[in-house]
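K.L.:
One structure coming up, written as structure tokens, with questions to follow.
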Amino acid sequence: MDALPPTLEATGSGCHGGRETMLAAAGAAGKTAAMDQLMQDYPRGPHDQPQSMCPAFGSLRVGLRMRRVATILSGSACCVYGLTFTSHFYGARRSVGYVPFNSETLVTGKLFEDIREAVQLTASPADYDAVVVINLCVPTASGVPLDLLPKQVDGVRIIGIDVPGFGVPTHAEAKDVLAGAMLRYARLEAEAGPVARPRGAVEGQPSVALIGELFPADPVGIGALLAPMGLSVAPQTPAREWRDLYGALDCVAAAAVHPFYTASIREFRAAGRPVVGSGPVGVEGTAEWLEAIGRAANLPSQRIDLAKARALPAVQGALAASPIAARVTVSGYEGSELLVARLLVEAGAEVPYVGTACPRTEWSEADRAWLAARGVHVQYRASLEQDVAAMEEVKPDLAIGTTPLVQRGKELGIPSLYFTNMVSARPLFGPAGAASMAAIVAAQTKGRERFSRMVGFFEGVGTKDGAGYGFTGKPIDPPGFRDRQRKQRLARAKAEEAVGT
Ligand code: SF4
């Protein structure tokens, strides 16, 4: 990493430095308001440090997935290396811009000039609708003032955001930092005058804006649930194209399906849109959600009842066709953990614990209360340690969780499944979600006996001194090897001492 300004030198920086020192440095460098806003939007809990990938990846991913949007990082080279590597690993297929710095350009303010120049060079209206600049930990703590960038260059919008690991606890919430900043820009544009028409918009058809990254079939399925009420699905948040932001803001109601998009929700509210929490999972969840959406959209009760009459028997049928008889623990950092747990419980599963790295908000309150009433322990801002302790205590038939939790589960012979892979590969909502959830749980729990045999077979192999390969039996220490090594070490230490004196 490049040398740091004096305020940061004492403790190192970023993920492994002192958070308080970084916050103090950011405050001293004029970022107090920005840090206060982050603190308010993404409140801390028992787990207040990132335990997964660098949070800024969330913002970077949102920018990279949008058409005609360029994304530029401002941060230490090691952070940028990790972030670009991860984005290409996830198939970004786009260049990530980078403005490097050293201690001199950081403390003299030249870094800001370099960023402004990069923005001017990049902002070509033929190629881009917007250019996003993301301040990582060190430039944020050093007060690089992205708010002083021009608001637009030749009609290309410029959006600068601070996404430090010491201010945004999860990469999920970092998605909201950029989504919210874009919605705000688009809202102010729409308030100022006419804007581009969203692709595929149907004149006069009221729509519901879904908030959160969903499996591609889910918005289609939710559209089918809404159709009997005369509603359609608006472009999603985070958006895929700039003009979609106008389409989303033009909704009759916003659905905070992922409940941690605090900044985005603020923009929907500022645009006068009612916001509904939870999501259409299982029979009860779908009924409550359709009711809430219908009321938010000021629809007569007959239309709400019609939508429920169409949807609920199908969900009920899917759940009844493949009941789940298993104990399952759920943990993750995607924000949909409570919805998954609700669906599992309705399908017949016993769910003693659900942990989410995301914070408690009013938009998951109905799910929390529903789960708590059925004896489920809900842990917001759950740490890996809490998730693992819960799994070890309840010994589930299936543990759904993050990578390190799944690794621990497999060591213990507990069938385990990555939460992110599960929700990003199948629908969650409506009848399709009910059917697919039962199928995946049944397939995974069947492996329990196989797991136990594997754990027994490999007992002691591949851990500690037994690590390695090429053994035909259980590895054993060569007789006398450790003793000889210990004596050699002692002799070497003595010889070095003699030279020293
Ligand atoms: S930008 Fe990300 S990787 Fe870099 S120090 Fe901050 S949290 Fe860590």
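In UniProt numbering, the protein residues as written are 1 to 501. We put the CB at the ideal spot given by N, CA and C, even for glycine.
Considering E350, what are the terminal residues of the beta strand (DSSP E) in which it resides?
P.N.:
Residues E350 to T356.
K.L.:
Assign V202 to buried or exposed, taking buried as 16 or more other Cβ atoms, counted over all protein chains shown, within 10 Å of its Cβ.
P.N.:
With fewer than 16 other Cβ atoms within 10 Å, it is exposed.
K.L.:
Distance check for E267 and L183, CA to CA, integer angstroms please.
P.N.:
Each residue's alpha carbon lies about 6 angstroms from the other.
K.L.:
Please list the terminal residues of the continuous alpha helix (DSSP H) segment that includes N135.
P.N.:
Segment A130 to N135 is the beta strand (DSSP E) holding N135; no alpha helix (DSSP H) there.
K.L.:
Name, in chain order, the residues that DSSP records as bridge partners for T329.
P.N.:
BP columns for T329 point to Y353 and A399.
K.L.:
Taking 7 angstroms as the limit between beta carbons, can you name the residues of its chain near A130, skipping five residues before and five after?
P.N.:
Only V69, V156, R157, I159 and W242 meet the Cβ criterion.
K.L.:
Hey, how far is the Cα of P478 from the Cα of A493?
P.N.:
Between P478 and A493, the C-alpha separation is close to 24 angstroms.
K.L.:
For the stretch 165-173 and the stretch 185-204, state whether three or more C-beta atom pairs, one from each stretch, are separated by less than 8 angstroms.
P.N.:
No contact exists between the stretch 165-173 and the stretch 185-204.
K.L.:
Enumerated in chain order, which unbroken segments of the alpha helix (DSSP H) with a length of 4 residues or greater are wholly contained in the stretch 219-262?
P.N.:
As far as the stretch 219-262 is concerned, its whole alpha helix (DSSP H) runs of at least 4 residues are 242-249.
K.L.:
Just checking A217 against the ligand SF4 - is the residue's beta carbon closer than 6 angstroms to any of the ligand's heavy atoms?
P.N.:
No - the ligand SF4 has no heavy atom lying nearer than 6 angstroms to the Cβ of A217.
K.L.:
State the CB to CB distance for the pair L149 and V119, rounded to an integer number of angstroms; the pair is presumed to be in contact (CB under 8 angstroms).
P.N.:
Going by Cβ atoms, the distance from L149 to V119 rounds to 6 angstroms, so yes, they are a contact pair.
K.L.:
Using 8 angstroms as the cut-off, can you tell me whether the stretch 389-399 makes contact with the stretch 421-430, which would need three or more C-beta pairs spanning the two stretches below that distance?
P.N.:
Not touching, per the Cβ criterion.
K.L.:
My assumption, with CB atoms under 8 angstroms, is that T262 sits in contact with D176. Please give the rounded CB distance.
P.N.:
Right, their Cβ atoms sit about 6 angstroms apart.
K.L.:
Who are the Cβ neighbours of S59 in its own chain at under 7 angstroms, not counting the five residues just before and after it?
P.N.:
For S59, where only same-chain residues beyond five positions count, the Cβ hits under 7 angstroms are I134, I161, V163, A174, K175, V177 and L178.
K.L.:
Given a cut-off of 7 angstroms, decide if K308 and L290 are closer than it, judged by their beta-carbon atoms.
P.N.:
A contact, by the Cβ cut-off of 7 angstroms.
K.L.:
Mapping DSSP to helix, strand and coil, what is Q51?
P.N.:
Three-state DSSP puts Q51 in coil, outside helix and strand.
K.L.:
Under 7 angstroms, do T237 and I211 count as touching if we go by C-beta distance?
P.N.:
Yes, Cβ-Cβ distance for T237 and I211 is below 7 angstroms.
K.L.:
Where does E213 land, buried or exposed, given buried means 16+ other C-beta within 10 angstroms?
P.N.:
E213 comes out buried.
K.L.:
Measure the Cβ-Cβ separation of V208 and L245 and say whether it is below 7 angstroms.
P.N.:
The answer is no: Cβ separation not under 7 angstroms.
K.L.:
Output the boundary residues of the beta strand (DSSP E) element that contains D162.
P.N.:
It spans V156 to D162 - the beta strand (DSSP E) in which D162 sits, taken as one unbroken run.
K.L.:
Contact between the stretch 62-81 and the stretch 96-104 is defined here as three or more beta-carbon pairs at a separation below 8 angstroms; is this criterion met?
P.N.:
The stretch 62-81 is in contact with the stretch 96-104.
K.L.:
Taking L73 as part of the beta strand (DSSP E), name the residues at either end of that continuous run.
P.N.:
Run containing L73: V69 to S74, per the beta strand (DSSP E) assignment.
K.L.:
Residues in the same chain with beta-carbon distance under 6 angstroms from P6, minus the five sequence neighbours each way, listed in chain order, please.
P.N.:
Confidence at P6 is low in this model, with a pLDDT of 45, below 50, so its placement is unreliable and the value that follows should be read with caution. None.
K.L.:
By the 10 Å Cβ neighbour count, where 16 or more other Cβ atoms means buried, how is P280 classified, buried or exposed?
P.N.:
So P280 ends up on the buried side.
K.L.:
Which term fits A256, buried or exposed, when burial requires 16 or more other beta carbons within 10 angstroms of its beta carbon?
P.N.:
So A256 ends up on the buried side.
K.L.:
So, do the stretch 355-374 and the stretch 246-253 have three or more beta carbon pairs nearer to each other than 8 angstroms?
P.N.:
No, they do not touch.
K.L.:
DSSP has Y98 in a bridge; who is on the other side?
P.N.:
Beta-bridge pairing links Y98 to L73.
K.L.:
Buried or exposed: which applies to residue 508, given that a residue is buried once 16 or more other Cβ atoms fall within 10 Å of its Cβ?
P.N.:
Outside the displayed range of the chain (1 to 501) lies residue 508, so it cannot be described from this structure.
K.L.:
Checking the sheet assignment: what are the DSSP bridge partners for Y90?
P.N.:
Paired residues: none, contrary to the question.
K.L.:
Helix, strand or coil: how does DSSP classify A380 here?
P.N.:
According to the sequence as given, residue 380 is Tyr; it is not Ala. Coil at Y380, not helix or strand.
K.L.:
With distance defined between alpha-carbon atoms, name the residue in A181, G348, P313 and V340 nearest to A270.
P.N.:
Comparing Cα-Cα distances from A270 to each of A181, G348, P313 and V340, the minimum goes to A181.
K.L.:
Taking the alpha carbon of P259 as the reference point, which residue from L344, V153 and P359 has its own alpha carbon closest?
P.N.:
Taking only the C-alpha atoms, the option nearest P259 is P359.
K.L.:
Express the C-alpha separation of R453 and R484 in angstroms, rounding to a whole number.
P.N.:
C-alpha separation (whole angstroms): 37 angstroms.
K.L.:
From E411, Q407, L412 and A491, pick the residue whose C-alpha is nearest to that of F419; which is it?
P.N.:
Of E411, Q407, L412 and A491, the residue nearest in Cα terms is Q407.
K.L.:
For T356 and L338, which I take to be in contact (beta-carbon distance under 8 angstroms), what is that distance rounded to the nearest angstrom?
P.N.:
Contact flag correct, Cβ pair sits at about 7 angstroms.
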